[in-house]
Amino acid sequence: MTTPNIDDKGLPEHCLSLRVASDWGHFRRVGRTATKQTYRMIPRTTVAGLLAAIVGEPRDSYYETFGEDVSAIAITPESELRTINMPMTSVGTDPSEATTQTAGSRRSQLVRYQDTRAPRQIHVYETLVDPVYRLDVAVEDEEFYTQLRRHLKNGTSHYPPSLGLSEHLARVELLNSSSEPTPVTGDEPVIIDAAVPGTLKNVVPQAGVECVTERSAAVMEGIGGGRRTTRFDDLVFTPTPDTGVKVAPSALDWPVASVGDKTVVFR
Amino acid sequence: MSNPGVEDFQQAVDKYWHGQPVTSLEDLMTFYGVLAVAEDDSGLFRTPAELSAYVDDGRLVTIHMDLTSDPAEYTDLTVDTLRDDDLARLGYAAKTSGRGADYSFTQAGSKTGNKPEKLKNTHINRLRLWCNYDAVRGVVDSDEAHPDGWVLNRLGTIFKKDGKVLEEIKDDLTDLLQGSEPTVLTVGMTIDLSDLSEHSGENGVETFYPGTLDVMDAAMRRYLTANLTDANLDRRTSSGEATGYVTGEEDRVVGTPKTGPFEIFSIKHPDVQPGLRQDQSWRNYPVSEQTGQLMSQAKSLLEECVFRTSGVETYAIPYFAGEVTGLKAQTLWNAVQSLDPEENNDRPPMARVTFDIEEADNPAIRALSDELRFYYLVSPISDDTHIVAETPSASTYWVNEIADGLVSTVYESLSATAYGGLGVSTNWDLLELPDDRDQARRIAFYKIVGHEFTNATFRRRDDAEDDFRRVVDQQLLEGRPVDASVLLGEFVDRLGDEHGEDGVPWQVPAMQLVQLETLSRAGLLDGLSGGATPRDQSMTQDLPELTDLTKIREHRLESFLDRPMFDSGKDNTERRAACLSGVLIGQISWHQEHERNMGQPLDTRVQADKLTLDTLRKTVQTALDNARVYAADGEGHNVLYPEVVDRLLEAYEENPTEWSISRDDMRFAVALGTAFGRRAMPQAFDLHESDSESTDEDASEATA
């Protein structure tokens, strides 16, 4: 099987379809540090990190693989996206306060490590309950794609995949190792199951269907000893799994396609 | 300044807004910054209006420099009257708080005038200080240096401490000036155009001023926004070039922006943020310099949108869905800046803004009410590290539905005492509304967005940080139905909170029933088969005969129980039986207290939140025994309150200990029944038509 070619509209010839699920999930929202709040929709960059963990790519090494024109990801929620506030206790990590410095000697290097005898702090994390997402993924990076497919087929992974925090181990299930997306086009509104990039103003309202929006990181690049986001996407989606966003494919900048029994948007 | 007009807002929107609808809190904070700067058309950084007092009356001192060579040369010093036309090139940005030089290189003296000596000793030195501020120097020597940073270097050769040329300038100044007048100091810089990184037109030399040279403008902005890059960073800064989270455009971004009154973003506490690299925060939260400045301007307007009660602060920040226009911006500004939450602390802003817009004189503004949304955010007062509930686009639709439901419940069931209504009761949150329906709806709206609706019936809580009532408020605001089991659990806990020596006031279960029914009417109650709304008796039943107390009681009881939640079906029949048990307990207790002067009537010994099926069985047995014994004391009947006893025995298909109904459900039904039973006799008396003919007969029954 060859690596999928992604056309200039952003539609891949074929893709991997998989489902990721966990009992809990937490995707910290940009701009929230004092509070631990989560996105409802797993950000595209988090998906990149999750897949890179399965393949075993080192930190900051895989941004190009998931770059703008060489990757296509569709994210479809398959569970009700609801959250609860969950208190968790943790050990402080402030190097100037909560660490001790007793290991090592004057001649060797001093090792700083956490003082685990210090009192734990309670932090309340907003946590997704039983999140399930279907991912349709194509990348043009041949080695990555081949390895990812092999891992998914064998049910293996290099690092343990999780949904946000390492505590929230993910269950990963390959649905189809070669889905073939069929383009959906036109000016007629269709119901899209996946998260739709764009704004609410394109969306055709449906009675009794609530649409919400989130802005999250989509594409990153490594630069100057770190990384930065080069694209944020506004996502429109419905928090209940059996409803979708009604929008005309022609109103979107990204390709709409049906993959399996879902109508998705690749971005 | 007078109120800005639509055009002022349109201008500000065109200039500073990214053009998309509001989709995030950051968008909203930025948008409120746009509203704040619309008041003043001079832009986000510059403040030429501060110089209006100087124009025509004050003097403009210009120090002329030749920057075509290095080191720069001081050429001349001129003094003119300050005219309106000068303002643009001065690029003035006042520093209104704290010490130090104005943000712009152009420096202003006192409005009331400065003597030459003072200008020489203070204001000339400010030019020198300005050139050497770290933030200003950032355009020369930082990772994000400006290509024309050399201008600063050349100025620095003149404006240095104890510099010879600087002394020369000071001397010229004191020679030329006389008297005390408001004075503005600026610098004219002659520059070889080919030395500039970007310039339009031919090569040659040209004279620039702080307001016309990009690098000077950039330096001013760095100085002004320094706090956006160095807050909580000990002598370091965090800024870089990246795609802005709000704008989506690549720009200079600042790493420590102010996030309005919410303080949801901070790098202050590395202990709770594993892996935080403070000076790299711009990578994670890239906010353009302009956005950061707008966000910090938004704070005071956002502070108007708060409502503080029961340990939490609830922000309901209004905006309009869809495209941002000048009219929408002006409407919001008008609505928000008059809120004054300190003055109006019993009127939640969400309600006031809604009414303001729905009832505006201008039809174009009224038409906007469909698009009105609120960013709703609840956090504990004085705890900036926690958000209890947050919803980005709350509309008033569900609040209105609930308000309608509450009004209907109060008008149609609670007040309809002839049809089993428990009756209004003053000073109880959900048991009283004004007679005027519009006014009642408005009060209901206030109660719902002001948390009284849930506070009235839910378990009391001290810990605002984890206040589940606020989560339920949010759920209702979003139109997500609440499960009855959640409500019943809360109700029973609250009954426990309220239990005192005299049992529970009847108003508490009454309010809980009102809430069940209100949510039932609004379509926001799940899991109570059929719902809590009584059938419309007035249409299908005749009025009771108001001359016979037993018949009145019977009719009221029948109407009260005529709700789907007491219909057939296993849970419903058990709930009905539990409720009837309560009614008997309540009526017997009333009898004990009022007819027999007993100190501890039966119901004071039944605590709803601790009630078990076995205790219920025993208590009902006692009540039945009492009903027989008390009846034997009197005359006529073989049991007291036959209308209840008959129905109760009929409803008991099974021994209560065999019931499968949930414990909370049973407990609430008993408490509700008890409240009804306690009220049965007094309400029957109230309804009773005391015409002279029947008085004696009724009086004898009343004491039976």
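For the protein sequence lines, the chains are A and B, in the order given. The opening position of the first sequence corresponds to residue 1 in this note's numbering, with each subsequent residue numbered one higher. The opening position of the second sequence corresponds to residue 268 in this note's numbering, with each subsequent residue numbered one higher. Idealized CB from N, CA, C, for every residue including glycine.
CB contact below 8 Å: residue i versus chain B
| i | result |
| --- | --- |
| Asn85/A | yes |
| Lys201/A | yes |
| Phe232/A | yes |
| Gly67/A | no |
| Thr238/A | no |
| Gln37/A | yes |
| Gly31/A | yes |
| Ala34/A | yes |
| Arg59/A | no |
| Arg300/A | Nothing about residue 300/A can be read from this structure; chain A reaches only from 1 to 267. |
| Arg40/A | no |
| Val247/A | no |
| Arg215/A | yes |
| Val124/A | yes |
Distance between beta carbons of residue j and residue i, contact taken as under 8 Å
| i | j | result |
| --- | --- | --- |
| Ala303/B | Leu568/B | 6 Å |
| Leu915/B | Ser848/B | 6 Å |
| Val184/A | Ala248/A | About 10 Å separates the two Cβ atoms, so there is no contact after all. |
| Glu821/B | Glu910/B | 4 Å |
| Val406/B | Val521/B | Contact flag wrong, Cβ pair sits at about 15 Å. |
| Leu792/B | Val749/B | 6 Å |
Buried/exposed call for residue i, threshold 16 Cβ in 10 Å
| i | result |
| --- | --- |
| Pro338/B | exposed |
| Val454/B | buried |
| Val204/A | exposed |
| Tyr133/A | buried |
| Gly56/A | exposed |
| Val896/B | exposed |
| Leu443/B | exposed |
| Asn5/A | exposed |
| Arg267/A | buried |
| His158/A | exposed |
| Pro87/A | exposed |
| Met778/B | buried |
| Thr721/B | buried |
| Glu657/B | buried |
| Glu571/B | buried |
Member of the options whose CA lies at the smallest distance from the CA of residue i
| i | options | result |
| --- | --- | --- |
| Tyr321/B | Leu354/B, Thr335/B, His331/B | Leu354/B |
| Thr89/A | Ala72/A, Phe237/A, Ala118/A | Ala118/A |
| Phe66/A | Thr83/A, Thr230/A, Ser79/A | Thr230/A |
| Thr243/B | His390/B, Gln779/B, Asp671/B, Trp926/B | A question about residue 243/B goes unanswered here, because the residues of chain B that appear run from 268 up to 971. |
| Ser79/A | Pro58/A, Ala72/A, Met41/A, Asp69/A | Met41/A |
| Arg519/B | Leu419/B, Ser506/B, Lys535/B, Thr817/B | Ser506/B |
| Phe1042/B | Asp834/B, Lys885/B, Ser563/B, Glu745/B | Outside the displayed range of chain B (268 to 971) lies residue 1042/B, so it cannot be described from this structure. |
| Phe312/B | Gly798/B, Leu491/B, Arg934/B, Lys595/B | Leu491/B |
| Phe574/B | Asp613/B, Asn551/B, Ala588/B | Asp613/B |
| Ala485/B | Ala316/B, Asp462/B, Pro537/B, Ala402/B | Ala402/B |
| His955/B | Ser364/B, Thr684/B, Tyr400/B | Thr684/B |
| Lys818/B | Ala938/B, Gln742/B, Gln950/B | Gln950/B |
| Val781/B | Val691/B, Phe735/B, Leu500/B | Val691/B |
| Ala48/A | Asn202/A, Ser250/A, Arg59/A | Arg59/A |
CB contact check: residue i to chain A, cutoff 8 Å
| i | result |
| --- | --- |
| Asp546/B | no |
| Gly515/B | yes |
| Tyr512/B | yes |
| Phe532/B | yes |
| Tyr552/B | yes |
| Ser563/B | no |
| Gly790/B | no |
| Ala596/B | no |
| Ile669/B | no |
| Ala509/B | yes |
Closer than 7 Å: residue i CB and nearest the ligand ADP heavy atom
| i | result |
| --- | --- |
| Ser371/B | By its list of ligands, the structure shown contains no ligand whatsoever, and the ligand ADP lies outside what it can speak to. |
Practice problem: Could you tell me whether the segment 815–828 of chain B touches the segment 872–880 of chain B, using the rule of 3 or more Cβ pairs below 8 Å? | Solution: no
Self-check item: Sufficient close CB pairs (3 or more, under 8 Å) joining the segment 217–224 of chain A to the segment 147–166 of chain A
Solution: no
Self-check item: Contact the segment 579–592 of chain B vs the segment 640–659 of chain B: 3+ CB pairs below 8 Å
Solution: yes
Quiz item: Is the segment 204–216 of chain A in contact with the segment 170–179 of chain A, if contact means three or more CB pairs nearer than 8 Å?
Solution: no
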